[in-house]
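**Student:**
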Amino acid sequence: MSKEYNHRDIEKKWQETWDKNNAYATGNKGAEKRYVLDMFPYPSGQGLHVGHPKGYIATDIYSRFLRIKGYDVLHPMGWDSFGLPAENYAIKTKIHPKETIRKAKIQYKDQIKSLSLSYDWDREITTSDPEYYRWTQWLFLELYKNGLAYKKEAKVNWCESCKTVLANEQVVDNACDRCKGEVIQKSQEQWFFKITEFADDLIKDLKELDWPESTKINQENWIGKSEGAELTFKVKDSNDVIKVFTTRPDTLFGATYMVLAPEHELIEKLKPSIRNWSFVEKYVKKAISKTELERLSDGKDKTGMVLDGVMAINPANNEEIPIFVADYVLSGYGTGAIMAVPAHDDRDREFAEKYDLPIIEVNDGEKLVSSGEFDGVAIEEAKKSITEKVGGIMKTTYRLRDWSVGRQRYWGAPIPIIYCDKCGEVPVPVSDLPVTLPDDVDFVPTGESPLKDSKTFHSVKCPKCDSDAERESDTLDTFVCSSWYFFRFTDPTNFEEFASKKAINDWMPVDMYVGGAEHTVLHLMYSRFITKALKRFGYIDFKEPFDTLRHQGMIIAEDGRKMSKSFNNIVNPDDVIDTYGSDTMRLYEMFMGPFKDSISWSTSNILGVRRFIEKVWRLQDYVTDSSSKELEILLHQTIKKTEEDIKTFKFNTAISSFMVFANKVEEEKKISKDDLKSFLKILSPFAPHITEEMWFALGETTSISKSDWPKYSEDKLSSGKVVIAIQINGKAREEIEINEDENQDSVIEKVKETDSMKKRLEGREIKKVIYVKGKIINIVLGS
106 MSKEYNHRDI
116 EKKWQETWDK
126 NNAYATGNKG
136 AEKRYVLDMF
146 PYPSGQGLHV
156 GHPKGYIATD
166 IYSRFLRIKG
176 YDVLHPMGWD
186 SFGLPAENYA
196 IKTKIHPKET
206 IRKAKIQYKD
216 QIKSLSLSYD
226 WDREITTSDP
236 EYYRWTQWLF
246 LELYKNGLAY
256 KKEAKVNWCE
266 SCKTVLANEQ
276 VVDNACDRCK
286 GEVIQKSQEQ
296 WFFKITEFAD
306 DLIKDLKELD
316 WPESTKINQE
326 NWIGKSEGAE
336 LTFKVKDSND
346 VIKVFTTRPD
356 TLFGATYMVL
366 APEHELIEKL
376 KPSIRNWSFV
386 EKYVKKAISK
396 TELERLSDGK
406 DKTGMVLDGV
416 MAINPANNEE
426 IPIFVADYVL
436 SGYGTGAIMA
446 VPAHDDRDRE
456 FAEKYDLPII
466 EVNDGEKLVS
476 SGEFDGVAIE
486 EAKKSITEKV
496 GGIMKTTYRL
506 RDWSVGRQRY
516 WGAPIPIIYC
526 DKCGEVPVPV
536 SDLPVTLPDD
546 VDFVPTGESP
556 LKDSKTFHSV
566 KCPKCDSDAE
576 RESDTLDTFV
586 CSSWYFFRFT
596 DPTNFEEFAS
606 KKAINDWMPV
616 DMYVGGAEHT
626 VLHLMYSRFI
636 TKALKRFGYI
646 DFKEPFDTLR
656 HQGMIIAEDG
666 RKMSKSFNNI
676 VNPDDVIDTY
686 GSDTMRLYEM
696 FMGPFKDSIS
706 WSTSNILGVR
716 RFIEKVWRLQ
726 DYVTDSSSKE
736 LEILLHQTIK
746 KTEEDIKTFK
756 FNTAISSFMV
766 FANKVEEEKK
776 ISKDDLKSFL
786 KILSPFAPHI
796 TEEMWFALGE
806 TTSISKSDWP
816 KYSEDKLSSG
826 KVVIAIQING
836 KAREEIEINE
846 DENQDSVIEK
856 VKETDSMKKR
866 LEGREIKKVI
876 YVKGKIINIV
886 LGS
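Using my numbering, you'd call the opening residue of the sequence shown number 106 and step up by one each time.
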């Protein structure tokens, strides 16, 4: 065998062998099953940079570990290929999106294979393939049939640049999450999925999941469940009333003004009584042009306009209080109106101080004050009793809004609805799916779907009455396609159903899911909703799609910025693999630091990992008949630690233990063949190429991945020796190695025999000895 490790030849040889043998195919018959899944990528023309594979490498290590432990592992890969990036590129280049996606998939797949990520490519799926989105459309029809998909006129988020509607979850920092362009709100007929119907279950079932706590908290906060009361305020000298929802009905006596959302229907109704109507009208028009996120921004100055000439009556004390319109109150949350209690709400206090409104304290933190007959009543008790007194009702509200799924763009799954003058909305028969995208369209966005102008797509016969009819021209949000793809991976070639019950029950829920935390309230929330809907429809028996979830931290550029073509700081994995090898890159990305942390790429640090690979290669030069006892102990400790670290995604500390072991072998320059094989087995999930090459060089004839994971012996986890600190009068002076089970008297005698301690103890009285077994011995001497 060559003295030098030639990664180019060795890695190419094994990649070709594994590909030819279909080494990662699912189907270890009779074995216990595990489903390990990545959030599948969007294949762009730029290809992967070194930050992209971090999560993929982690799931590959985990999958390889499970296989060598004897499990049947489903570890698939596919392409989330619908959406705006490909369509925008098509607009720019005049190349059809399906062609750019085809080329990008080839590039991505080649890059993934160069890292020997052990995917079962027989299960590959692409969401823009008609055979895939046929089932996305089927899913829409199931939701529609069961009352969970509907169309209505509503205020929607509109991206001026992309010319399409966005879901609330796709608006980030007042801008489109894709193009970062301005988002406005406008009224439009729009398709929605009724995710709000599952709000309670979406909160409750989080408790059962092994997910990062921050992700669970963020989902719960986004759903925003609030327990409180609906109270009614009369408008003075009018039959009109204002309903409010409050989580603090106990503060009703402290309500000193009211605020209506700019969209509130009562404002227009009260117009004849509002003396400053011209100013109010201008304020309302300006307010409703802002996005919800702009209006709720913590840092912005609170603005409002009093409705001069109209007053509300506080039902607790019958006092008249002014009514304002203000943009920080939203029509879609609660009732679109609030009772303002500035003494007990920072936002209300800020507004009250600005407009010189009364601020009345009505509780001392435990009991009510300045609250009439309720003075001295505990806060929780007062919530119910005050609500009852004023005729209110206890109620629950949510921040979560139904998922807006229609898009006025081309590159998405067509919505399978037909409009007939006689029959109205008619779902496309399942037997007619898929409704395929036409090619005769101009991709340039106009504010309406490009499908409207297709001559081949738009006109159709009504499935009910056979009259002339028209297809729905909006397409589905790409997140609809990715909200169920994990089901399709279990049965990707099924042409009769989205996936068979047997296949789903065999594999799901997903055992380990890995992806970015940026999908907390997008993909993850939507996937949970679809899973719960399918359970309600009777297709599945479980209620959550992903049992365990882990997020990877970003790999950022050496300059500390996000890797971006615009910053010219992208590190191409092809270059890294060519220079250092696939195994080196795999190990380095896992060794950089804790998996969940974001860390900068370092070319100098990757050199250290390459040197470790070369050291592993040299270990075969030290093979002898036996290993030292110390090396055997270290091996068993390393086996135990590696297993624990892989299970907990602490890959960096596992790799550290590999380095310690390799250093020990090089120091002793001897290791038995069996011990080296055991070491190669535990290293193989991390560095599959070098371990496979060395495995066969040691005389094996079948892949290391087909071997058994080595077992550690409890008897060999300890040498029986420990090093303890010797203290004199509380100050550390020296260390000494002793047997673990030695008693205090024996330890004292050993201490007295050491040369340095003889001098320190000579002629002095030992007044006291404190021995903490296996840790320290403190000898207290007389003066």
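Even for Gly, the Cβ is constructed at its ideal location relative to N, Cα and C.
On the DSSP bridge assignment, give the partners of residue 846 in chain order.
**Tutor:** Looking at the DSSP assignment, residue 846 forms no beta bridge with any residue, so it has no partner.
**Student:** Do the CB positions of residue 510 and residue 297 come within less than 8 Å of each other?
**Tutor:** Taking 8 Å as the Cβ cut-off, residue 510 and residue 297 qualify as a contacting pair.
**Student:** Can you check which of these residues, 750, 744 and 759, is closest to residue 781 by C-alpha distance?
**Tutor:** 744
**Student:** Would you list the residues sitting across from residue 142 in a DSSP beta bridge?
**Tutor:** 618
**Student:** Taking its Cβ as the centre, do 16 or more other Cβ atoms sit within 10 Å of residue 113, making it buried, or is it exposed?
**Tutor:** exposed
**Student:** Return the chain-ordered list of same chain residues with a C-beta closer than 8 Å to the C-beta of residue 163, the five sequence neighbours on each side being excluded.
**Tutor:** 619, 655, 657, 695, 700, 754 and 756
**Student:** Which same chain residues, not among the five before or five after residue 159, have their C-beta less than 7 Å away from its C-beta?
**Tutor:** 657, 660 and 694
**Student:** Give me the Cα-Cα distance between residue 842 and residue 758, rounded to the nearest whole angstrom.
**Tutor:** 26 Å
**Student:** Can you check which of these residues, 839, 857 and 640, is closest to residue 881 by C-alpha distance?
**Tutor:** 839
**Student:** Buried or exposed: residue 432, going by 16 or more other Cβ atoms within 10 Å of its Cβ?
**Tutor:** buried
**Student:** May I have the straight-line CA-CA distance separating residue 290 from residue 255, to the nearest angstrom?
**Tutor:** In a straight line, the C-alpha of residue 290 is about 20 Å away from that of residue 255.
**Student:** Cα separation between residue 305 and residue 357?
**Tutor:** 27 Å
**Student:** I need the boundaries of the beta strand (DSSP E) containing residue 711, first residue and last residue.
**Tutor:** Here residue 711 belongs to no beta strand (DSSP E); instead the alpha helix (DSSP H) covers 708 to 723.
**Student:** Report the rounded CA-to-CA distance for residue 873 versus residue 853, giving the unit in angstroms.
**Tutor:** So the alpha carbons of these two residues sit roughly 11 Å apart.
**Student:** When the Cα atoms are used, what is the spatial distance from residue 722 to residue 117?
**Tutor:** Going by C-alpha positions, residue 722 is about 17 Å away from residue 117.
**Student:** Per DSSP, which residues does residue 290 bridge with? Please list them.
**Tutor:** The partner list for residue 290 (beta bridge, DSSP) reads 262.
**Student:** Going by beta carbon distance, what residues of the same chain come within less than 7 Å of residue 191, once the five residues before and after it are set aside?
**Tutor:** So the list reads 202, 205, 206 and 516, once near-sequence residues are dropped.
**Student:** Can you tell me whether residue 247 is buried or exposed, with buried defined as 16 or more other CB within 10 angstroms of its CB?
**Tutor:** buried
**Student:** For residue 839, write down the residues that DSSP places opposite it in a beta bridge.
**Tutor:** 831
**Student:** Any idea which residues DSSP pairs residue 511 with across the strands?
**Tutor:** Bridge partners of residue 511: 581.
**Student:** Beta carbon of residue 486, beta carbon of residue 474: below 8 Å?
**Tutor:** No, the Cβ-Cβ distance between residue 486 and residue 474 is not below 8 Å.
**Student:** Need the endpoints of the alpha helix (DSSP H) that residue 323 sits in, please.
**Tutor:** 318 to 328
**Student:** Quick check on the DSSP output: what are the complete alpha helix (DSSP H) runs of length 4 or more inside the region 479 to 505, in order along the chain?
**Tutor:** 484 to 494
**Student:** Looking only at C-alpha atoms, which of 865, 688 and 671 sits nearest to residue 678?
**Tutor:** 688
**Student:** Could you give the C-beta distance for residue 333 and residue 320, rounded to a whole number, given that I count them as a contact under 8 Å?
**Tutor:** Not really, about 26 Å apart at Cβ, beyond 8 Å.
**Student:** Just the C-alpha distance for residue 57 and residue 464, rounded to the nearest angstrom, thanks.
**Tutor:** Because the chain spans 106 through 888 in this model, residue 57 falls outside it and cannot be assessed.
**Student:** Which residue marks the beginning of the beta strand (DSSP E) containing residue 576, and which one marks its end?
**Tutor:** 573 to 576
**Student:** Compare the C-alpha of residue 686 against each of 670, 424, 718 and 506 and name the closest.
**Tutor:** Of the listed residues, the one whose Cα sits closest to residue 686 is 718.
**Student:** Any idea which residues DSSP pairs residue 257 with across the strands?
**Tutor:** 295
**Student:** Just the C-alpha distance for residue 805 and residue 736, rounded to the nearest angstrom, thanks.
**Tutor:** 23 Å
**Student:** Rounded to the nearest angstrom, how far is the Cβ of residue 182 from that of residue 147, given a contact under 8 Å?
**Tutor:** Not confirmed; about 13 Å, so no contact.
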